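*Asks:*
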Amino acid sequence: MIALTIDAIIAIGIVWLALQTVRGANVFSAIIMFIVFGLIMSLAWARLHAPDLALAEAAIGAGITGALLLVTWRRVHVLEGRTPQVGMAARSLWLTLPTALAAALLIASLGWVALTLPAEPATAGELAWQRLPEMGVSNPVTGVLLGFRAYDTLLEMAVLLAAWLGARVVASELRPGALPGPAHEEVPLVGALLSLVVPISLLVAVYLLQAGGSAPGGAFQGGAVLAAGGVLLCLTGRLESADQTSLIERIVLILGLAVFSSVGLMMLPLGEPMLAMPGVWAIYLIETALLLSIALTLVLLFAAAPGLRRSS
Amino acid sequence: MPSELLIGLIFLPLLGACLTVLPWRWSTRLGVFAGLVSLPVLLVALTLAVIREGAWYYSLGGWTAPLGIRLFVDPLALLMLWMVAIIGGVAAAHAWHDFRPGTPEGARFWPLWLLLTAAMNALFLSADLFNLYVCLELVTLAAIPLIAMAGTATSIRAAMRYLLLALLASLVYLLGVALLYNATGTLDLYLMTQTLAASDGPATSLAFALIAVGLLLKGAVFPLHVWLPNAHASAPGPVSAVLSALVVKTAVYLVYRLWLWTLPAEDPMQGAVELFAVLGAAALIYGGILALLQERLKLVIAYSTVAQLGYLLLVLPLASVTAWQAASYQLLSHGLAKAAMFLAAANILHAVGSDRLADLERLDQRTPLSLFALALGGVSIMGLPPSGGFLAKWLLLEAAWQEGRWLLLFVLVLGSLLAAGYVFRILAAALRRADPTEAEDAEGTSPIGRRQAGYALLLALLALLAGFGAAPILEVIDAGAPAGWSAP
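Chains as they are written, first to last, in this note's numbering: chain A, 12 to 323; chain B, 202 to 689.
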């Protein structure tokens, strides 16, 4: 009964927050609603026994995406002196009504179809459970991401690299300027807080990476947590944008893709197939490289800068 | 040995992209060389292997499907890979001058270009629906910033519009994939067929409908083409060339794979091919008319892409070996001709400073080589003999005739007439004599201009040669016809 009540609250909350996000003209409150929406979504994943997804949703969906949206709002609001409003087109009934109807139709047919789906277990998922012991890790999500479907994860790292390269192209055309600094005089507690929170974000990131082998966690969640530490350093003015990407930054950006591909290719001369993992150590090596690339990419995207340096 | 070729086709450009991120000039040169020049060499070996052994699968990581991801190579994949290597290679050579390694523009351009190449190769080789989603995302996210590299406000706005619509398309596609996985328990394109034949729930129909909407949006098929003309017309020349010749074809390629390979012949969703044909016919006519009305050269060529994509969908209900040849040949010859036209248009834009048709008088004196390339590409687009485009359209007419599809026959002829209209309109504008003074030949006198024109001319000549050298190509392609299309 309690479980059902919690589920009902989450379900209603998700729909209500989604509605609050899309209606109304105020972009700022929409962003806040979106962040809360992400947090409730992560609760929903947890209720559905998908802790890995819950962690990813909280760290990336709510955390990093929320930070990106807020910093964009702040750039437009503070630097350009404009208060972003939802455009007139988005508020006209002639556009929103058909869009809403089409979306409702889609959701209704998806729901109807989901009810008619046979309840038999999915073959590939079953197989993954059976053959997980061969991987040397006991977390099935890590087994799929770094083992059975490692190729997908590898290409996703390429997608992340493309996202940064794309942001670099747009930034070089539009020159968004430096990140807006803190709005007021720094409170003495900021330094103390940072010296506590940033090391913790590193610790949590490494823990998530290490735990990923047997429990929920892994490079993507760990990378997002580490990136959160970096975002804090940017926000408090400890890190500032640089005009150039340093050599170390470039190496870290391609580290995930390069290490993953190299380990995958390594086994070819030995007659093994491409991307056959030589052992559990290889999985941890790759995940470490992925974590570093993910964290740096996310911080650079947040700063909308080619590189970062310590502020003088 | 042959399977290592597949790995090379994907991972050489991917690692090349990593190299070009590094700051040195030599690393960029090495990355481009390793990622692009190697492709034709690998493909020669791969072609020989496909002729010898036919199609085959390769399980990545040694995990067999449905657990793992498989690569699949067959004559259709081979054709697409060749197009990436040749068209992408020549366009890259054209881009080399504007985006030199060691310059800031070059540093931004080459990593994205190599990622785009790797992503297209990966897409044409993948046999897994979710992996194809990742490939589609990578293609989109690498292609869109390349449009913004033009640096104009129009190009950035067009890129942003493309990004938003492409993300919507990906999301819709992914919804369909999730439904299909739930209904069949596998993500493998070719394993799915057996399960699909056994089940006939509304889930699979909805899934295929969603996937179709996603792909038609990514493929800019009328009426979901709204993002294409501005995006393709405002990009830098070599980028426009690969966008029109290759990137939109990735979505059409997936429509072919899903409807001709994955979907069982008796599935009710096979009825969608008739809808595809109607959309194709509408695209052909609408794109042709809009191309006739444009005032700028690159927009004419971009709308021509909207129209020419129509042929690729018209083929679907015909289901004969002739139709199969027509589809493959249209993929090939449109790719070559359209890339040639965009490269030539970039040269003309560079020499004249504008691509408004009103400003293009006396091009036969100002940019004779590029104009020649543009005209040769146009010949193939119109379908005049002896070009590759002629062969494609002739085969298509023949296939429609065999099936007794008179309306289709009429649309095909109308489409070619419209194409002739917009190509001749460009030529008429280019050959006008506005004032009698003799103009200097901007291209012939500068070695760079001659070389840039040469790349456009090379692709245009290849499009023409495709008409002459058809027999060996068609022989390989015939072997890869989908089931049900091969038997006469």
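We treat Cβ as the ideally placed atom computed from N, Cα and C, and that holds for glycine. Note that the structure is predicted; figures quoted are calculated from it, not measured.
Considering only their Cβ atoms, is the gap separating B/Arg271 from B/Asp329 smaller than 8 Å?
*Replies:* A Cβ-Cβ contact shorter than 8 Å links B/Asp329 with B/Arg271.
*Asks:* With a threshold of 8 Å, are at least 3 pairs of Cβ atoms found where one atom belongs to the segment 307 to 316 of chain A and the other to the segment 268 to 282 of chain B?
*Replies:* no
*Asks:* Cβ atoms of B/Gly263 and A/Glu145: under 8 Å apart, would you say?
*Replies:* no
*Asks:* Can you check which of these residues, B/Pro302, B/Tyr530 and B/Tyr258, is closest to B/Gly584 by C-alpha distance?
*Replies:* B/Tyr530
*Asks:* So is B/Pro689 in contact with chain A if we call contact Cβ pairs under 8 Å?
*Replies:* Residue placement at B/Pro689 cannot be trusted, given a pLDDT of 47 that sits under 50; what the coordinates show is reported in the next sentence. Closer than 8 Å: no.
*Asks:* Does B/Pro267 come within less than 8 Å of chain A when only Cβ atoms are used?
*Replies:* yes
*Asks:* Let's test the definition: count the other Cβ atoms within 10 Å of the Cβ of A/Val291 and tell me whether it reaches 16, buried, or not, exposed.
*Replies:* exposed
*Asks:* Helix, strand or coil for B/Trp257 per DSSP?
*Replies:* strand
*Asks:* Helix, strand or coil for A/Asn150 per DSSP?
*Replies:* coil
*Asks:* Can a CB atom of chain A be found closer than 8 Å to the CB of B/Val553?
*Replies:* no
*Asks:* List the endpoints of the continuous alpha helix (DSSP H) containing B/Gly488.
*Replies:* Ala473 to Leu494
*Asks:* Answer with buried or exposed for A/Ile10, where buried requires no fewer than 16 other C-beta atoms within 10 angstroms of its C-beta.
*Replies:* There is simply no residue 10 of chain A to check, as chain A begins at 12 and stops at 323 in what is shown.
*Asks:* Within the same chain, show all residues whose beta-carbon is closer than 7 Å to that of A/Ile211, passing over the 5 residues directly before and after it, in chain order.
*Replies:* none
*Asks:* Hey, would you say B/Leu339 sits closer than 8 Å to B/Leu365, going by beta carbons?
*Replies:* no
*Asks:* Going by the beta-carbon positions, is the gap between A/Tyr295 and B/Leu261 smaller than 8 Å?
*Replies:* no
*Asks:* Could you check the C-alpha separation between B/Ser555 and A/Gly233 for me, to the nearest Å?
*Replies:* 51 Å
*Asks:* By Cβ distance, which residues of its chain are closer than 8 Å to A/Glu197, with the 5 residues on each side in sequence left out?
*Replies:* Thr247 and Gly248
*Asks:* Can you give me the C-alpha to C-alpha distance between A/Pro187 and B/Tyr363, rounded to a whole angstrom?
*Replies:* 21 Å
*Asks:* Let me know if B/Pro689 comes out buried or exposed under the rule of 16 or more other beta-carbons within 10 Å of its beta-carbon.
*Replies:* For B/Pro689, the predicted model reports a pLDDT of 47, less than 50, meaning its position is unreliable; a value from the coordinates is still stated below. That one is exposed.
*Asks:* Given a cut-off of 8 Å on the beta-carbon distance, is the pair A/Val180 and B/Arg358 in contact?
*Replies:* no
*Asks:* At a Cβ threshold of 8 Å, is B/Glu205 touching chain A?
*Replies:* yes
*Asks:* Please list the terminal residues of the continuous beta strand (DSSP E) segment that includes A/Leu250.
*Replies:* Leu250 to Ala253
*Asks:* Quick one, which of A/Ser183, A/Gln221 and A/Leu104 has its alpha-carbon nearest B/Gly307's?
*Replies:* A/Ser183
*Asks:* Mind checking B/Met470: buried by the 16 CB within 10 Å criterion, or exposed?
*Replies:* buried
*Asks:* Hey, out of A/Ile262, A/Ser40, A/Met278 and A/Trp105, whose CA is closest to A/Ala300's CA?
*Replies:* A/Ile262
*Asks:* Report yes or no: is there a C-beta of chain A within less than 8 Å of the C-beta of B/Trp460?
*Replies:* no
*Asks:* With DSSP run on the structure shown, which of helix, strand or coil describes B/Leu416?
*Replies:* helix
*Asks:* So what's A/Ser120 in DSSP terms, helix, strand or just coil?
*Replies:* helix
*Asks:* Looking at B/Pro214 and B/Thr318, is the spacing between their C-beta atoms short of 8 Å?
*Replies:* At a Cβ-Cβ threshold of 8 Å, B/Thr318 and B/Pro214 count as neighbours.
*Asks:* Out of curiosity, what's the CA-to-CA distance linking A/Leu237 and A/Ala216?
*Replies:* 6 Å
*Asks:* Take B/Leu598 and list the residues in its own chain whose beta-carbon comes closer than 7 Å to its own, dropping the five residues that flank it on each side.
*Replies:* Leu610 and Leu613
*Asks:* Could one say the Cβ of A/Gly72 lies closer than 8 Å to chain B's Cβ atoms, at least one of them?
*Replies:* Closer than 8 Å: no.
*Asks:* What residues from chain B crowd round A/Ala161, counting only those whose CB sits closer than 8 Å?
*Replies:* Leu261 and Gly262, listed in chain order.
*Asks:* Mind listing, in chain order, the continuous beta strand (DSSP E) runs of no fewer than 3 residues lying wholly within the segment 269 to 310 of chain B?
*Replies:* 271 to 274
*Asks:* If we call anything under 8 Å between Cβ atoms a contact, is A/Leu81 one with A/Ile42?
*Replies:* yes
*Asks:* Could you say which of A/Leu219, A/Ala230 and A/Arg321 lies nearest to A/Asp254 if we only look at CA atoms?
*Replies:* Of A/Leu219, A/Ala230 and A/Arg321, the residue nearest in Cα terms is A/Arg321.
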